[in-house]
Amino acid sequence: MAVFKNDEQFYRVMRDVFDYIAAHPQHTTTFARSNLVIRMRTSEPRAEILLDGRQPPLQVFFGPTPGAANLEIELPADLLHEIWLGRESTHKAFYTGRIRTSGNLLKAMKLGEVFQEAERIYPAVARKHGLTGAG
Numbered sequence: 017m018a019v020f021k022n023d024e025q026f027y028r029v030m031r032d033v034f035d036y037i038a039a040h041p042q043h044t045t046t047f048a049r050s051n052l053v054i055r056m057r058t059s060e061p062r063a064e065i066l067l068d069g070r071q072p073p074l075q076v077f078f079g080p081t082p083g084a085a086n087l088e089i090e091l092p093a094d095l096l097h098e099i100w101l102g103r104e105s106t107h108k109a110f111y112t113g114r115i116r117t118s119g120n121l122l123k124a125m126k127l128g129e130v131f132q133e134a135e136r137i138y139p140a141v142a143r144k145h146g147l148t149g150a151g
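Note that my numbering has the sequence shown beginning at 17, numbered continuously upward.
This is the structure we're talking about:
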């Protein structure tokens, strides 16, 4: 059974994660100065998050957003849930093809601090939203 019932629930959870990160700009310094736009698309549910690092502060858009991105990342929403709970390896998921990317993957390194902070706070956010198996 899927972790997220629908895209609305997924967006509520992700909004809590990224609102917290945006409220603590020390975790977004590198990305917010990167001049990068990264689009993350999920399946099951189908959803889209756009991270805009073209100027501080970090801007996050939920839902389909027009415009080009420097890097596109596609993965199942359940996989993102498992990665951020520390139950799944990002590297393994990437090399087994469960995470697909297009664009300059080396530029994604600038996203590291944002995703590290997301991994740190996600278990508490998942519990808050009653997601099963959230630590």
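Just so it is clear, CB atoms sit at the ideal spot from N, CA and C, and this is done for glycine as well.
Ranked by how close their Cα comes to the Cα of P73, the residues A39, P82, K108 have A39 in first place. Beta-bridge partners assigned by DSSP to D68: V53, Q75. Under the three-state reduction of DSSP, A140 is assigned to helix.
Within the same chain, V19 come within 6 Å of H97 by CB-CB distance, once the 5 residues on both sides are set aside. With at least 16 other beta carbons inside 10 angstroms of its own, D68 counts as buried. Distance between F47 and N120, taken at the CA atoms: about 15 Å. Taking 7 Å as the cut-off, the Cβ atoms of E133 and P92 do not count as close. S118 has E88 as its beta-bridge partners, per DSSP.
Apart from the 5 residues on each side of it in sequence, E90 sits with its Cβ closer than 6 Å to the Cβ of R57, R116 in its chain, given in chain order.
Out of R28, A85, Q42, the CA that lies nearest to the CA of F131 is found in Q42.
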